[in-house]
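Notes follow the structure.
Numbering (the working numbering), first residue to last: 3 to 203.
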């Protein structure tokens with residue numbers, strides 16, 4: 003269509019586009035090479051000034067902190083706290099509903115594998131939009147954005163799933179659950195306290 007409007011052949015238009023793409027690639031490649039060379043020179047100067055420790059510091063700073071708990075595969079407590087603040091701010095700003103569910107696992111849970119099993123059972127009750135984290139050594143927390151009346155449905159389903167899990171274990175495990183919502187609890191501390199896992203499952 004472009005070729006027809008300009009009165010030229012399709013092959014001519016194709017030739018121009020290919021040449022333009024090739025020139026753009028060369029430009030981007032040159033910029034990338036210059037940037038890499040600049041970074042290499044800066045690192046070389048730091049090593050010359052401060053010794054090999056500068057390389058270790060460079061590698062350490064380049065590695066992003068993990069947001070995933072290595073045992074459960076859930077998000078870490080630090081990431082959960084940061085997201086809790088973000089979601090509360092968003093809910094306050096846009097007048098949205100937000101629910102928090104906390105599940106405490108008793109100290110009578112001896113094996114990490116069993117803790118993982120409990121985490122997977124909780125995860126099976128959540129939506130894709132929910133955030134599940136290991137909020138403490140023996141606590142799992144879930145943030146449920148845009149959840150109002152459906153929170154009770156999720157809590158009931160969670161109780162049923164965990165109760166079934168408990169009955170199938172070779173030894174008793176203590177699980178406690180708590181849930182709260184914004185805007186009923188508008189402050190971060192109040193929301194966490196209201197969702198304290200105190201009710202036995």
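Even glycine gets a Cβ: it sits at the ideal position worked out from N, Cα and C.
The structure presented is a predicted model; accordingly, all values stated were derived computationally and were not measured.
Are the beta-carbon atoms belonging to residue i and residue j less than 8 angstroms from one another?
i           : j           : result
residue 164 : residue 203 : yes
residue 107 : residue 179 : no
residue 197 : residue 182 : yes
residue 156 : residue 118 : no
So, at 8 angstroms on beta carbons, what are the nonlocal neighbours of residue i in its own chain, with the 5 sequence-adjacent residues on each side left out?
i           : result
residue 168 : 174, 175, 177, 203
residue 1   : Lying outside 3 to 203, the shown extent of the chain, residue 1 is not represented and no answer is given.
residue 160 : 103, 105, 124, 127, 179
residue 90  : 100, 184, 190, 193
residue 120 : 105, 107, 111, 142, 164, 167, 175, 177
residue 122 : none
residue 87  : 190
residue 75  : 118, 121
residue 129 : 146
residue 116 : 171, 175
Among residues of its own chain, excluding the 5 on either side of residue i, which ones have a beta-carbon nearer than 6 angstroms to its beta-carbon?
i           : result
residue 194 : none
residue 125 : 134
residue 93  : 100, 184
residue 172 : none
residue 109 : none
residue 162 : none
residue 71  : 78, 136
Can you name, in chain order, every residue of its own chain whose Cβ lies under 7 angstroms from the Cβ of residue i, other than the five neighbours on each side?
i           : result
residue 85  : 133, 145
residue 201 : 178, 179, 180
residue 114 : 73
residue 138 : 79
So, under 8 angstroms CB-CB, residue i and residue j are touching, yes? Tell me the CB distance rounded to an integer number of Å.
i           : j           : result
residue 141 : residue 199 : 7 angstroms
Report task. Inspect the CB distances between the region 87-102 and the region 137-153 and report whether three or more fall short of 8 angstroms. Result -> yes
Query raised in the report: Taking only runs of the beta strand (DSSP E) that begin and end inside the region 57-141, which ones reach a length of at least 3 residues, in chain order?
Result: 100-107, 133-138
Query raised in the report: Okay, do the region 177-190 and the region 125-134 touch, 3+ Cβ pairs below 8 angstroms being the bar?
Result: no
Report task. Write down every uninterrupted run of the beta strand (DSSP E) in the region 141-191 whose length is 3 residues or greater and which is fully enclosed by it, in chain order. Result -> 141-147, 177-184
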